[in-house]
Amino acid sequence: MMMEKMRAKSNGLKRVVAGVAALVMIGGLAACGNAGSDSGDASANADGTIEVVASINQWGSVARDLGGDKVDVKSIMTATNVEAHDYEPTSSDIAAFSKAQVAVINGADYDSWASKAADSTKATVVDAAETAGKKDGDNPHVWFSHDVREKTADAITAAYVKALPDQKEYFEQQHEAWEEKEQAVEDKIDAAKATTEGVPYAASESVAWYLADDLGMTDATTDGYKNASANESEPSPADIKAFVDALESGSIKTFVLNTQEEDSTTKQLIAAAKKGSVPTVELTEQMPKEYDDLTDWMGALVDDFAAAVK
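Taken in order, the sequence shown gives residues -30 to -1, 1 to 280; the numbers are from mature numbering (1 follows the signal peptide of the UniProt record, and there is no 0).
Spelled out as structure tokens, the structure:
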């Protein structure tokens, strides 16, 4: 299936929204970290750690980095061969949400199953999409966005400070260490822009749209194909032909392929990209096993985009 699946999710979710651009005063964040949430109090386990559950491993890695040895993080989705939109949680997945003091979900209807699971718990919920004002209907692949990563990290830290206020200084240090890694990604993006700015690319799916936008690239995916994907419909033969022709003509300089969602149509696009000598950047939605950290994965993808453009 090639299209993003935008389905309505349940209302009344508990939220944690960080309304700051950077974490300056952890104490202040702790006071407002649960704004807009009707969830119960988050508190630590008897051993002094916080039980955390994340719907996908991307956000699980951020939660782990920010919490250090003060958190026990479980990521539900960790495989690149599973469709996150349609994932059916197991009883153990639901149990993980029920036991958690902090739950990190992606939001924007990407993981509605996780939103529903968290809704019936007392966990403090961090909705990554919502921290940056993204909502249902928006591109849900928000972990590719530098802005969303920053704001989600702020919200997670606020939730941790709420659960363990006496560890505020520790969580501040963890946050600063994470910020250094995220800044390294941002530095790579800034350096890559020398070659990627304004470069037209096309994608089999809009998975990496936020990253390409951060790189200043121009989405040149043909309108019919793009609109079909946005409307959850199969592209027509004419839509596919227009995309194939654009790739073969060489007007598109980079082809972005989501290898997690390949079918007969993407095979045609791959062949067309090869015929047009268009470099291909391959990626997945879920973080691959070779990466243990979201920032490392994003840094590697920035390198891939820069290399493709060169």
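Don't be surprised by glycine CBs; every beta carbon is placed ideally from N, CA and C. Values in this document were obtained by computation on a predicted structure and should not be read as measured data.
Asked: Looking at the structure shown, is S90 part of a helix, part of a strand, or coil, going by DSSP?; Found: coil
Asked: From which residue to which residue does the beta strand (DSSP E) around K44 run?; Found: V41 to M47
Asked: Here's the rule I'm using: 16 or more other beta-carbon atoms within 10 Å means buried, otherwise exposed. How should E150 be labelled?; Found: exposed
Asked: Would A270 pass as a contact of V226 if the rule is Cβ separation under 7 Å?; Found: no
Asked: Among A241, P249, T235 and T229, whose alpha-carbon lies nearest the alpha-carbon of P258?; Found: T229
Asked: With respect to the alpha helix (DSSP H) encompassing T166, which residues constitute its N-terminal and C-terminal limits?; Found: K138 to T166
Asked: What residue range is occupied by the uninterrupted alpha helix (DSSP H) comprising V248?; Found: Run containing V248: none; DSSP gives neither H nor E here.
Asked: How many Å lie between T60 and I46 at the Cα?; Found: 10 Å
Asked: Going by the C-beta, is A84 closer than 6 Å to any heavy atom of the ligand PLP?; Found: Of the ligands one can find in the structure shown there are none, so the ligand PLP has no counterpart to examine.
Asked: Looking at the structure shown, is T188 part of a helix, part of a strand, or coil, going by DSSP?; Found: strand
Asked: Taking A24 as the reference, give the member of D274, A93, N15 and D39 with the closest Cα.; Found: A93
Asked: Applying the criterion that 16 or more other CB atoms from any shown protein chain within 10 Å of the CB defines a buried residue, is S199 buried or exposed?; Found: buried
Asked: In whole angstroms, give me the CA-to-CA distance for T224 and H116.; Found: 21 Å
Asked: Should Q137 go down as buried or exposed, given a rule of 16 or more other Cβ atoms within 10 Å for buried?; Found: buried
Asked: Based on Cα-Cα distance, which residue from Y80, Q153 and A129 lies nearest to H111?; Found: Y80
Asked: Among K163, A99 and Q71, which has the Cα closest to the Cα of T91?; Found: Q71
Asked: Give every residue of the same chain whose Cβ lies closer than 6 Å to the Cβ of A66, excluding the five residues on either side of it in the sequence, and list them in chain order.; Found: V23 and K44
Asked: Would you list the residues sitting across from N76 in a DSSP beta bridge?; Found: DSSP, once it has assigned bridges, lists no residue as partnering N76.
Asked: Entirely within the stretch 215 to 272 and at least 3 residues each: give me those beta strand (DSSP E) ranges in chain order.; Found: 224 to 228 and 250 to 253
Asked: Quickly, what does DSSP pair D97 with across the bridge? List them, please.; Found: I75
Asked: Pick helix, strand or coil for Y171, following the three-state DSSP scheme.; Found: strand
Asked: To which residues of the same chain is V248 closer than 6 Å at the C-beta, ignoring the five residues directly before and after it?; Found: L217, I222 and F225
Asked: Give me the Cα-Cα distance between I(-5) and A128, rounded to the nearest whole angstrom.; Found: Its pLDDT being 38, under 50, I(-5) is placed unreliably in this model, and the value from its coordinates should be taken loosely. So the alpha carbons of these two residues sit roughly 7 Å apart.
Asked: For a test of the three-state rule: what should DSSP assign to S203, helix, strand or coil?; Found: coil
Asked: Hey, out of E146, A276, D108 and E202, whose CA is closest to D160's CA?; Found: A276
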